[in-house]
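Report on the following structure.
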Amino acid sequence: MLDFKVIELSDKPWVEKLLRISDFRGCEYCFANNMAWRRMYDTKITRYKDFYISLSEQGSPYFTFPAGGGDYSEVFGEMKKYSEARGYPLVIGSVTPDKFPLFEELFPKDSYVLEADEDGWDYVYSASDLAELKGKKYHGKRNHLKKLLAMDYSYEPLTEKDFDDCISFAVNVYNRDSAYDDKSKVCEQFAINTYFENFHALGLMGGVLRVEGRIAAFTIGERINSDTLGVHIEKAEASVDGAYPAVNQMFAASAGKDFAYINREEDLGIEGLRKAKRSYHPAFMIEKHTVRFK
Numbered sequence: 063m064l065d066f067k068v069i070e071l072s073d074k075p076w077v078e079k080l081l082r083i084s085d086f087r088g089c090e091y092c093f094a095n096n097m098a099w100r101r102m103y104d105t106k107i108t109r110y111k112d113f114y115i116s117l118s119e120q121g122s123p124y125f126t127f128p129a130g131g132g133d134y135s136e137v138f139g140e141m142k143k144y145s146e147a148r149g150y151p152l153v154i155g156s157v158t159p160d161k162f163p164l165f166e167e168l169f170p171k172d173s174y175v176l177e178a179d180e181d182g183w184d185y186v187y188s189a190s191d192l193a194e195l196k197g198k199k200y201h202g203k204r205n206h207l208k209k210l211l212a213m214d215y216s217y218e219p220l221t222e223k224d225f226d227d228c229i230s231f232a233v234n235v236y237n238r239d240s241a242y243d244d245k246s247k248v249c250e251q252f253a254i255n256t257y258f259e260n261f262h263a264l265g266l267m268g269g270v271l272r273v274e275g276r277i278a279a280f281t282i283g284e285r286i287n288s289d290t291l292g293v294h295i296e297k298a299e300a301s302v303d304g305a306y307p308a309v310n311q312m313f314a315a316s317a318g319k320d321f322a323y324i325n326r327e328e329d330l331g332i333e334g335l336r337k338a339k340r341s342y343h344p345a346f347m348i349e350k351h352t353v354r355f356k
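First residue of the sequence shown: 63, per this note's numbering; consecutive thereafter.
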């Protein structure tokens, strides 16, 4: 029977080794993200041979499609045993369309249903598009950026000297929004603290934007796979015109130069967030589905 545990920094070497085998672009397939957001869904992990398996067990077990390599029939069988031992059918999320044939090959079509999880689809952009903002489609972004560039500003890669200021900035935003009863906001604060406490050990990168010497925005990301940078946190002062597009563009131009793509994660079904992410014209979406066995 699969044996799950809370993810810890000491798991990083073996987890990343297995993540590299599959080379998935989805935001759920990077170690720092898994570790920082573990409280959001009470996530636990395990290794089965050369597969990395992540499980959320808020009520019924919910697996993320396993990363790594090996016999999928075997690993799905172990996941199925785990779920059924708890009185539930097997449920697997983060299933992309290229994995549909695998399920068709291994299981009768009437034994499961596929559900699209559009709120969880990742927005993936050309790194050069976000860095350069060329063409008519980015005209509005360039105008906002010009307003910021006319201010007394500075942008630098995130280093230890910025950590305290960034944490204070994030806490001030959190307090101002009275987010104490919003689980996602509480978990975001935990994630931010986890990123800063383990910044170097997790192999993170980031950027900090200051206007008139004070923090206007900061961002944190990590390499997801061989060609994609993931942006996990982006916080900006909404009252500073151009802060969001500026930190987005500057991080893409600095950290994104070694990548073909930048994954800016999902919109969670939040209309304002969806509109903002679409306004940057993604190169493609990572379409995720849930497979629910009957």
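Virtual Cβ for every residue (Gly too), placed ideally from N, Cα, C. Just so we're clear, the structure is a prediction, and the values are computed from it rather than from any experiment.
Close beta carbons around residue i, own chain, < 7 Å, minus the five adjacent residues each side
i             : result
lysine 67     : Lys106, Ile107 and Thr108
aspartate 214 : Val273 and Glu274
tyrosine 236  : Lys247 and Gln251
glutamate 140 : Leu64 and Tyr110
Bridge partners - residue i, DSSP secondary structure assignment
i              : result
leucine 117    : Lys106 and Phe125
leucine 335    : Beta-bridge pairing links leucine 335 to no other residue.
serine 188     : Tyr323
isoleucine 295 : Ile282
alanine 178    : His351
isoleucine 154 : Phe125 and Val353
Check: residue i C-beta below 6 Å from any heavy atom of the ligand COA
i           : result
alanine 193 : Absent from the structure shown: the ligand COA. Ligands present: none.
Residue i vs residue j beta-carbon contact at 7 Å
i                 : j                 : result
alanine 305       : alanine 315       : no
arginine 326      : tyrosine 185      : yes
aspartate 104     : lysine 350        : no
glycine 130       : leucine 80        : yes
valine 309        : leucine 271       : yes
tyrosine 342      : tyrosine 187      : yes
leucine 164       : tyrosine 200      : no
leucine 266       : glutamate 284     : yes
leucine 220       : glycine 292       : no
aspartate 239     : glycine 331       : no
phenylalanine 258 : phenylalanine 231 : no
lysine 209        : aspartate 320     : no
Close-in-space but distant-in-sequence residues of the same chain around residue i (CB under 6 Å, 5 per side omitted)
i                 : result
phenylalanine 127 : Ile154, Ser156 and Val157
methionine 347    : Trp183
serine 301        : none
threonine 256     : Ala98
isoleucine 69     : Asn96, Met97, Arg100 and Ile107
phenylalanine 93  : Lys74, Val77 and Glu78
aspartate 85      : Asn287 and Ser288
isoleucine 115    : Thr108 and Pro128
aspartate 172     : none
leucine 264       : Ala94
Close-in-space but distant-in-sequence residues of the same chain around residue i (CB under 8 Å, 5 per side omitted)
i             : result
tyrosine 150  : Ser122 and Pro123
arginine 336  : Asp329
isoleucine 83 : Asp112, Ala129, Gly130 and Gly131
lysine 203    : Leu195, Pro307, Gln311, Ser341 and Tyr342
alanine 322   : Ser188, Ala189, Asp289 and Thr290
proline 159   : Glu349 and His351
Cβ distance (whole Å) where residue i is taken to contact residue j below 8 Å
i              : j              : result
leucine 152    : lysine 142     : 4 Å
isoleucine 277 : isoleucine 254 : That belief does not hold up - the Cβ atoms of isoleucine 277 and isoleucine 254 are roughly 13 Å apart, past 8 Å.
isoleucine 295 : isoleucine 282 : 4 Å
glycine 318    : leucine 192    : 7 Å
tyrosine 174   : valine 353     : 5 Å
Coarse secondary structure for residue i, derived from DSSP in three states
i                 : result
phenylalanine 347 : Inspection of the sequence shows that residue 347 is occupied by methionine rather than by phenylalanine. In the structure shown, methionine 347 sits in a strand (DSSP, three-state: E or B).
tyrosine 91       : coil
asparagine 287    : coil
proline 219       : strand
glycine 304       : coil
asparagine 325    : strand
leucine 210       : helix
alanine 278       : strand
histidine 201     : helix
alanine 193       : helix
arginine 238      : helix
leucine 264       : coil
lysine 142        : helix
leucine 81        : helix
isoleucine 69     : coil
glycine 149       : coil
arginine 272      : strand
glycine 130       : strand
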